[in-house]
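For the protein sequence lines, the chains are A and B, in the order given. Numbering of the first sequence is given in full-length UniProt numbering, commencing with residue 1 and proceeding in unit increments. Numbering of the second sequence is given in full-length UniProt numbering, commencing with residue 1 and proceeding in unit increments. We put the beta carbon where it would ideally sit given N, CA and C, even for glycine. All values reported here derive from a predicted model rather than from experimental measurement.
Protein chains: 2
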Amino acid sequence: MPLTLDDVRELDRQDPLATFRSRFTLPQGTIYLDGNSLGAQPSAAVAAVDGLMSQWRDSLIQGWNQGWFDAPERLGDRLAPLLGAGPGEVLVTDTITHNIFKLLGYITEGQRGTEGQRGTEGQSRARPVILSEGGNFPTDGYIAQGFCRFGGFEHRVVPEGEALDAYLDERVAAVVLSHVHYRTGRLRDMAAITRQVHASGGEVVWDLAHSAGALQVNLAACGVRYAVGCTYKYLNGGPGAPAFLYVRRDCQDRAWQPLSGWLGHASPFAFEVDYAPAPGISRFRTGTHSPLAFAALEASLALWQEVDLAQLRRKSQRLIELFRESLGDCLAEHSIADITPDEAQRGSQVGLVEREHGYAIVQALIERGVIGDYREPGLMRFGFAPLYLSHEDVWQAAQHLREVLSEGEYLAPCFQQRGAVT
Amino acid sequence: MPLTLDDVRELDRQDPLATFRSRFTLPQGTIYLDGNSLGAQPSAAVAAVDGLMSQWRDSLIQGWNQGWFDAPERLGDRLAPLLGAGPGEVLVTDTITHNIFKLLGYITEGQRGTEGQRGTEGQSRARPVILSEGGNFPTDGYIAQGFCRFGGFEHRVVPEGEALDAYLDERVAAVVLSHVHYRTGRLRDMAAITRQVHASGGEVVWDLAHSAGALQVNLAACGVRYAVGCTYKYLNGGPGAPAFLYVRRDCQDRAWQPLSGWLGHASPFAFEVDYAPAPGISRFRTGTHSPLAFAALEASLALWQEVDLAQLRRKSQRLIELFRESLGDCLAEHSIADITPDEAQRGSQVGLVEREHGYAIVQALIERGVIGDYREPGLMRFGFAPLYLSHEDVWQAAQHLREVLSEGEYLAPCFQQRGAVT
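Structure follows, in C-alpha cells:
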C-alpha cells in the first residue's frame, strides 16, 4: 500500500539526518532533485565567502600566508575521511579533466621508470593503451583521447557496462572508470575491479564524481591507488568548485606529473630554474588556485565532518525506494523505462527513460518546482541528496510526476523547446 | 630639487585617473606597492560575489543558463580591448601554467599537420625544441619542462636578457617569453621579437602577467598569434582569479589542444563519445570553471572599460620617476642597486637589490604600512598600479624607505626571520 503524507512525515521525524536540512538554504517552493549536478548552498558558505572577500580587501597579498596557500592540502585532508583515505593522500585542485590528465601522465611515466624505459620519443612503450568506458561522463573520455593523441598512446573504449576481462591485457597502461555512472547510476565493484586491473599490471583511475558525498567510498579498503572527483555535486562546494585527486601514499613519489607548475615545486618560493616535484601529494598542484572558490567548499566540508556516512547511505536508498514506490504504476502506464539498478549496485540517483517526451516531462516538472535534469538521449535523471531532502519532498515529487504524466502537462508547446544547458 | 608634499598633492589634483581610487577599498594606513602580485579589491567585486552567491542559492543548476556557462568567452571579450585584441580572440580560463601547456600542445600539433607529419610515437619531429628564458617567472619554465618531458621535446633555456639570435633555428617549435619580466621589470620589444621568431618558422607564446593592466598591450599590431596572462595582478580580479589566453582568429582552428575537456567540445551537451574541438577560441576550455571566481573579475573588468590606457601608462611612469626622485641619494648611500630599466624598456615596477638586507628592509616597510614584496635573491620589488595609487602615496612610500634605511630599522631582529610566502 502506498505511503500517505502522514506516513512520510513520520519518516522525517525519525530521520537522524533531518537536522542537516536547516544548514542549507533552498529556494521556497522548490524540491531539488539535481544535487547530483550542482549541490545546494550550505548557509555557512555565505559567511565564508564574505570572510574571504574581507581578507582579500584587508590582508591583500598577506592572505597567502593566512591559509590561502595550503588550502589544497588542508581541504584534501578534510575530504579524506569521506573517501576512506588518509591525511596527505587527497589534494583539492583544478578540475576532474585536468586531474585525469595529470594522473595518466604520472602513471605512464612511472611505468616507464619501473620497466627500465626512457621518456624519449622513438622508443615504443610496453604499455601503450589507455582504456576508458563508453557512455562514461564525456570529459573522462575526451581527456583520455587528448592524453593519448598528445602522448602517443592508443585509446580504447570498453562498451558501457561490460566487464573489463576481454579488454585488459599486458598492453594496457591504465583504465579510467566511474565509480557511479552519471547516466545509469550504476555502482561499480571498486574492490574487485581494482584487483583485476592491478593483477593485469595496469592501473585504474576511479572517477568519484557521483559517489563522493553520496555513499561511503572506501579507497584504502578497496586497494585503490588513484582517483579523482568533484566537489560541486553531493559535496555542495558551489558551482565549479575545485575538484580533487587521490594518490595513495606509497604511490606518491614515483614520477613527474605533466602539468608541472610552480605550486607543485619542492620549493616554490626559491624561484629555481629547474622544476623539482614536491614530495607527497603537493606535486599534483599546478598553478595558482582561487581561495574564493575554496572558501565556499571549506564551509561545506566543515559540515560534512558531522555526517555519519552509513546513515547517509541508508537514507539515500530509502529515498530512492520511496520515490519509486510512490510512482506506483504510472511509469508503466506511460511506457517510461526505469533504468535504476538494484540497491547494491546503484549510487544515489534514479534514471527514467522516455525518448520522445523525456525532455518535456523534465521541463513540466521544473515548472512545478521539482528540479531534475535531462541528459540526451531520453534520460530523466533525479538525484537524491540525503542531507537536504526530506521524505516528504520525495513523496511530493512523485505526486508531481504522476500528475504531469496523467494530465499530459508535458505536451504543452512551452515545454518542447530545448534549452542550452540544465 | 625634490618635490614637496604640496607639490605631489597638486599632481594628484591634476591626475585624470584620480577618481578611480574611490572605486577600490584599501585598508587604512596602507600604501600598497604590491599590485603586481595581487591587485587591490574593486568595491564592486563585493556586490558581484554576493550576487553570485544568491544566484547559486536561488537558481541552483539553472545558473548555468544565466550567464555562468559563457563567462570564459564573455570576460575574454571584455579583456580584449586592454590587450589590443578583437572579440572571440581571448578566453578567460584556468591558470597561466595550464594555458602555456595547452598552447604548446596546440602549436606543435599544428606544426606536425602543416609539415606533413603524424602524431605517432617513433617519428622524429622537424621542430623538437621549446625555448624559454632563464630567470623568467618559474612556472613558465616548469611547465615548458613538463611539456617537453611528457611530449618528447627538448627544452632549451635562453640566458636571462639575452637576444634570441643565437638560439633560434629551424629546430625551434616555440618560444615562451614574458612581455615584462617579473624580477627586472624589463619590457621586451614584442613586435620585433615576434617578427624574428615567425621569420625562423617558429611561434612565440607571450606571457602578459606583468603587462596586462599595467600598460597598453598591442597584440594585433605586434603580429602576435599566441599569448597568456593572469588577471589577479594589475587587473584586480582577486586572489587566484582565472587566467586568460589569446589565439589570433586566423590561428584558431588548426589542431587539438591536449587538455581536451568537455567544455571545449563542439557540442558539450550532446554527450558524444568522441571529442570534437569547438570552433574558435572555445576549444581552449577544459573543465568546469568557477562562476564565483569569474564574478569578482567581471566586476573589475567593467571598471577597466572606462580606463584610458595611454593615461594609465603615463601615470605609471610618472609614479616610478617620482619614487626614484624622492629617494634621492639614499640608495647609493646604502649600496642598494636600482635595476629598474629606462622608461622605454620597463613595465610598471621598480626593482632594488640588496642581497644581505633586502628581505629585512621589505619587512620593516611592511611594518610601516608600505607593502612591497621580496623575491630571492635580494630583490625588493615595488609595483605601481596607477588606478589606486596617488602621487602622495608614492612620495610617502619613498620617505618611509629613506627613514627605514637612515635609521637602520631593518636591523631589528624581528625583521630577519623569513616568512613562507609574500
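- With contacts defined by Cβ atoms closer than 8 angstroms, A296 (chain A) and G238 (chain A) form a contacting pair.
- Taken atom to atom, the span from the alpha-carbon of G201 (chain B) to that of A173 (chain B) is near 8 angstroms.
- For L91 (chain B), no alpha helix (DSSP H) run applies; the uninterrupted beta strand (DSSP E) run containing it begins and ends at V90 to V92, by DSSP.
- Collapsing the DSSP output to three states places T340 (chain B) in coil.
- Within its own chain, the residues whose Cβ lies closer than 7 angstroms to the Cβ of A255 (chain A), once the five positions on either side in sequence are excluded, are Y106, E109, G110 and G113, listed in chain order.
- Not a single C-beta of chain B is nearer than 8 angstroms to the C-beta of D207 (chain A).
- Interface annotation for the region 254-269 of chain A against chain B: W256, Q257, P258, L259, S260, G261, W262, L263, G264, H265, P268 and F269, criterion Cβ-Cβ distance under 9 angstroms.
- For L352 (chain B), the CB contacts under 6 angstroms within the same chain, skipping 5 residues up- and downstream, are I336, D338 and M380 in chain order.
- Residues of the region 92-108 of chain B with a Cβ closer than 8 angstroms to any Cβ of chain A, in chain order: D94, T95, I96, T97, H98, F101 and G105.
- Chain B has a Cβ within less than 8 angstroms of the Cβ of H289 (chain A).
- At a Cβ-Cβ threshold of 8 angstroms, I96 (chain B) and V228 (chain B) count as neighbours.
- Between F101 (chain B) and P258 (chain B), the gap from beta carbon to beta carbon is short of 8 angstroms.
- At the C-beta level, E154 (chain B) and V129 (chain B) come within 8 angstroms of one another.
- Residue contact check for V49 (chain A) against chain B: a CB pair falls below 8 angstroms.
- Taking 8 angstroms as the threshold, the shortest C-beta distance from M53 (chain B) to chain A falls below it.
- Here DSSP, grouped into helix, strand and coil, assigns Y388 (chain A) to coil.
- Per DSSP, the continuous beta strand (DSSP E) segment holding Y374 (chain A) begins and ends at D373 to R375.
- Judged by beta-carbon spacing, L401 (chain A) lies within the 8 angstroms limit of L327 (chain A), meaning their Cβ atoms are closer than that value.
- Within a 10 Å sphere around the beta-carbon of M53 (chain B) sit 16 or more other beta-carbons, which makes this residue buried.
- The beta carbons of G280 (chain A) and G88 (chain A) sit closer together than 8 angstroms.
- Interface residue (Cβ-Cβ distance to chain A less than 8 angstroms): Q145 (chain B) is classified as such.
- If you draw a 10 Å sphere on the C-beta of E203 (chain A), you find 16 or more other C-beta atoms in it, and that means buried.
- Here E272 (chain A) carries a coil assignment [DSSP, helix/strand/coil].
- If you draw a straight line from the Cα of A163 (chain B) to the Cα of Y167 (chain A), it comes to about 53 angstroms.
- For the 8 angstroms CB-CB criterion, L187 (chain B) and H179 (chain B) form a contact.
- The region 1-59 of chain A contains no complete beta strand (DSSP E) run of 3 or more residues.
- Sorting A:Q396, A:A243 and A:A44 by C-alpha distance to the C-alpha of S22 (chain A) places A:A44 at the top.
- The three-state reading of DSSP puts V307 (chain B) in coil, since its state is none of H, G, I, E or B.
- Residues are counted here when their Cβ sits less than 7 angstroms from a Cβ of chain A; for the region 53-76 of chain B these are M53, W56, R57, D58, L60, I61, Q62, G63, W64, N65, W68 and F69, given in chain order.
- In terms of beta-carbon proximity, L292 (chain A) lines the interface with chain B, with at least one pair separated by less than 8 angstroms.
- Take the alpha-carbon of D58 (chain A) and the one of Y226 (chain B): they are about 36 angstroms apart.
- The bridge partners DSSP lists for I193 (chain B) come to none.
- Cβ proximity to chain A below 7 angstroms picks out T25, P27, Y32, D34, S37, L38, A40 and Q41 from the region 18-42 of chain B.
- Within the same chain, Cβ atoms closer than 7 angstroms to the Cβ of G378 (chain B) are found at V353, E354, R355 and G358, the five residues on either side in sequence being excluded.
- DSSP places H334 (chain A) in the coil class of the three-state scheme, outside both helix and strand.
- Under the three-state reduction of DSSP, R171 (chain A) is assigned to coil, being neither helix nor strand.
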